[in-house]
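Asker: This structure is in structure tokens; I'll ask about it shortly.
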Amino acid sequence: MRFILRRLGFYLIALLVSVTLNFMIPRLMSGDPVQLMFARFQGRMDPRAIESLYETFGFVQGPLHEQYFTYLSHLLQGDLGVSIANFPIPVTEVIAVGLGWTLRLVGLATVIAFSAGIFLGIRAAWRRGRFADSVILPITGLLSAFPYFWLAMLVLYFFALGLGWFPLGHAYSLDIHQDWSSPEYLSSVLHHMILPATTIVLTAIGGWMLGMRNNMISVLSEDYITMAQAKGLSDRRVMYTYAARNAILPSLTGFAMSLGFVLGGALLTEIVFSYPGVGYTLLTAVNTRDYPLMQGVFLMITVAVLVANLLADTMYVLLDPRVRAA
Amino acid sequence: MTQPMPTFDQARTDAEPLLSVRDLVVEYHTQRGLVRAADHVSFDLHRNEVFGLAGESGCGKSTVAHAITRILKPPAHIAGGQVLFDEVDVLKLNDDQLRDIRWRRISIVFQSAMNALSPVLTVGTQIADALQAHENGTAQMTRRQVLDRARELLDLVGIDPDRVNSYPHQLSGGMRQRVVIAIALALNPELIVMDEPTTALDVVVQKQIMDQIRELRNQFGFSILFISHDLSLMVEFSDRVGIMYAGELVEVAPSQAIFNDPQHPYTVRLMNSFPTLSGPRVELFGIPGSPPDLITPPPGCRFHPRCDVALAGRCQTERPGLQPIGARHMAACHLLDDKIVNKEDAS
Ligand SMILES: Nc1ncnc2c1ncn2[C@@H]1O[C@H](COP(=O)(O)OP(=O)(O)OP(=O)(O)O)[C@@H](O)[C@H]1O
Ligand SMILES: [Mg+2]
């Protein structure tokens, strides 16, 4: 517990630093950043937007620390300002929509890739040189070595454009009413998810599998495995409780970290499949020079990565008694 | 449970040995070539007996122990021989039969007991696992009974029963070793293979643990195949001792005979190279040279290049076999030819 609290303290400090950087960057630009932005939009910007921009960045009258506290209090209230491109929708709302799609697509795909990779890695190590090890492992390795963009385009080309089995993009069919309780809508969402999710799973599974397999192999040579076998335990018990339980520890940290990056969206996937997640939102924000939205997304990614790190630490503590005492 | 310690003669007249190793050959397939780490090793171990295997590091002691318990892993390969345990060849058992005798009848204490416990499971879980894996053989045990038995076992080896919830890293080396012994005792096996059970520990703890093992043996009467390269410990603790050199058994005798009257030149050198715990201070001699490479062992007697009494000719070309040279005493050396006795006379 002490360990977790200490880590928590550390992450809070890291968070404060990144928030402060977020506050400082516009002020390090020469001139009034809002005016600059306004100039770039050459008057196409709503005057009301300018007003809200000033507020978002804490450009209130007064000394710097007062501005800083105004900015912090806005943040604490969850106010990240208003999106310029989607005026007057607040940044938080724009992000929330993207986040929902990202969590469903990338989150699900990451969990599937991790579980399948770990399971296959265990099998491959347990029966070395057999099917999982000599056939599946090289295939998943090859898939993860493919340039992702190329693979995604290929899949899109064949299965969506060529065969027409799947839609070309977006998260659901636009002519269906958005209603989570309607099976029609749900199936449309699933249908749109399959291709992008498959590409993520295919390219990610190899890394998890190889990592788990190698950890397993080194754990399998430990004396406690031989002893577990000599005790007459079933293969299942030895494989999962004694071997995998020890071998999975390094992969779990990687997994928790990757969950943090999930929230950042899978940029390439969302671009290729025009999937309206966080990554796609960020791309639009960059294209439209929507600074409040960009800053909001960056802040959210920072928080997500920090939370994921904390999660990784917590998991490690739960699973590895040696860390608990530290 | 408690039975009187058998005397030597009882152990000897025991008609069938508990464990009978016959011409065991174990090879390791390495990139450099075939390593024959056990070459036609034969010995018997009787009920209630402690049989010791001694020899320099790398002579194949662990290899023999692991072959008997069938826990050898590739690149090891059992190339021949028999391991008769209660008249059944362990080497021929299928997986289910093997699982059935494992731990219930033969258990093992590993050479590096420090690593014999999984770091992420409590001591209690690792004891309970052994009990539950075999519960179909005994009575069905409830979770409660299993835990009670785990506590009882810890108590038996001198550890606070409340340690069931401890993780291995929370225990000292000596305590871990005791836990491993407790696990080995869990199902009251007939034979416990102990591969250097105290090598990694300091002398004081080593003595405590050996005393503990002796006490437990008096209480439960299991047999021990005891492996060590510490000859003084070996002689003190074992009823009979087998000396291994370069994968071969070169001398087998009651430990007193090994101590007072070693016959094989290697055993003689080995005895001289160890200080005794008690007894007069004597000058210690090392053995010149080093053990041979097991991929290309010397022809003839494997010890001849290091032997100061080797005969030119015969020792270099002809391999000596293990021959009876006295009552219950066997050695493999050409120089002892005149002492060889008729097998009938010996037994
Ligand atoms: N996995 C392996 N691969 C190749 N050779 C091996 C392997 N394990 C053991 N050997 C060889 O087999 C021989 C016997 O090894 P073993 O471990 O049985 O010796 P030991 O008598 O137990 O030694 P120690 O006293 O050091 O424990 C050694 O020469 C060693 O080099
Ligand atoms: Mg050894």
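Chains as they are written, first to last, in numbering that gives the first Met the number 0: chain A, 0 to 325; chain B, 0 to 346. Every residue gets a Cβ at the ideal spot worked out from N, C-alpha and C, and that includes glycine. Remember, it's a predicted structure, so these values are computed and weren't measured experimentally.
1) In chain A, which residues lie less than 9 angstroms from R162 (chain B) when you measure between Cβ atoms?
2) Can you give, in chain order, each stretch of the beta strand (DSSP E) that sits fully within the region 224–251 of chain B and has at least 3 residues?
3) The alpha helix (DSSP H) with A78 (chain B) in it runs from where to where?
4) Within a Cβ cutoff of 6 angstroms, which residues of the same chain sit near T252 (chain A), ignoring the five residues on either side of it in sequence?
5) Could you tell me whether the Cβ of S220 (chain A) comes closer than 9 angstroms to any Cβ of chain B?
6) Counting contacts by CB-CB distance shorter than 9 angstroms, is P118 (chain B) in contact with chain A?
7) Since M329 (chain B) is in the beta strand (DSSP E), which residue starts that stretch and which ends it?
8) By the 10 Å Cβ neighbour count, where 16 or more other Cβ atoms means buried, how is I88 (chain A) classified, buried or exposed?
9) Which of the three DSSP states is assigned to G325 (chain B) in this structure?
10) Closer than 8 angstroms by C-beta to M238 (chain A): which residues in its own chain qualify, once you throw out the five before and the five after it? Chain order, please.
11) By a C-beta neighbour count over all protein chains shown, 10 Å radius and 16 as the cutoff for buried, is G136 (chain B) buried or exposed?
12) Alpha helix (DSSP H) containing F219 (chain B): first to last residue?
13) Please list, in chain order, all residues of the same chain as D178 (chain A) whose beta carbon is under 6 angstroms from its beta carbon, the five residues on each side excluded.
14) Could you work out which residues of chain A lie near R98 (chain B), taking near to mean beta carbons separated by less than 7 angstroms?
15) Can you have a look at I138 (chain A) and say buried or exposed, based on whether 16 or more other CB atoms are within 10 angstroms of its CB?
16) Measuring alpha carbon to alpha carbon, tell me which of A:L248, A:V302, A:A303, A:Q76 ends up nearest V322 (chain A).
17) Who does Y27 (chain B) pair with in a DSSP beta bridge?
18) Spatial neighbours of R212 (chain A) within its chain, please: CB distance less than 6 angstroms, with the 5 preceding and 5 following residues excluded, ordered by chain position.
19) Counting only C-beta atoms, is A112 (chain A) closer than 9 angstroms to chain B at any point?
20) How many angstroms separate the CA atom of R103 (chain B) from the CA atom of I226 (chain B)?
21) Would the region 249–266 of chain B and the region 290–299 of chain B be scored as touching if the rule is three or more Cβ pairs under 8 angstroms?
22) Which residues of chain A have a Cβ atom closer than 7 angstroms to the Cβ of A115 (chain B), listed in chain order?
23) Would you call the region 186–196 of chain A and the region 216–226 of chain A in contact, with 3 or more CB pairs under 8 angstroms?
24) Could you give the uninterrupted runs of the alpha helix (DSSP H) lying entirely in the region 178–237 of chain A, keeping only those of 4 residues or more?
25) Check whether chain A comes within 9 angstroms of A129 (chain B), counting only Cβ atoms and requiring the distance to be less than that.
26) Go to L318 (chain A), then tell me how far its alpha helix (DSSP H) extends in each direction, as first and last residue.
27) On the premise that V108 (chain B) lies in contact with V63 (chain B), defined as a C-beta separation below 8 angstroms, what is that separation, rounded to the nearest angstrom?
28) Give the residues of chain A in contact with A36 (chain B), contact being defined as C-beta atoms less than 8 angstroms apart.
29) Can V63 (chain B) be considered in contact with ligand 1, in the sense that its beta carbon sits closer than 8 angstroms to one or more heavy atoms?
30) Could you tell me if the beta carbon of Q176 (chain B) falls within a distance shorter than 8 angstroms of some heavy atom in ligand 2?
31) Output, in sequence order along the chain, the residues in the region 245–261 of chain A whose CB is closer than 7 angstroms to any CB in chain B.
32) Considering only residues of the same chain and omitting the five flanking positions on each side of I193 (chain A), which have a CB-CB separation below 8 angstroms?
33) When you compare the region 224–244 of chain A with the region 291–299 of chain A, are there three or more beta-carbon pairs, one atom per stretch, that lie closer than 8 angstroms?
34) Mapping DSSP to helix, strand and coil, what is H303 (chain B)?
35) Leaving out five residues on either side along the sequence, give the residues of the same chain with a beta carbon under 8 angstroms from the beta carbon of I270 (chain A).
36) Which partner residues of R21 (chain B) appear in the DSSP bridge assignment?
Answerer: Answer, in terms of the structure:
1) Result: empty, since nearest Cβ-Cβ is about 14 angstroms, beyond 9 angstroms.
2) 239–244
3) It is not in any alpha helix (DSSP H) - A78 (chain B) instead sits in the beta strand (DSSP E) that spans 75–84.
4) A311
5) yes
6) yes
7) 328–330
8) exposed
9) strand
10) I121, W125
11) For G136 (chain B), the predicted model reports a pLDDT of 49, less than 50, meaning its position is unreliable and no value from the coordinates is stated.
12) 202–219
13) Y184
14) G231
15) exposed
16) A:L248
17) B:V34, B:A75
18) G120, A123, A124
19) no
20) 21 angstroms
21) no
22) D222, Y223, M226
23) no
24) 182–219, 222–229
25) yes
26) 290–318
27) So it is not a contact: roughly 15 angstroms between Cβ atoms.
28) Within 8 angstroms Cβ-Cβ: nothing; A36 (chain B) doesn't reach chain A, min ~17 angstroms.
29) yes
30) no
31) N245
32) F165
33) no
34) helix
35) G278, Y279, L282
36) B:Q81
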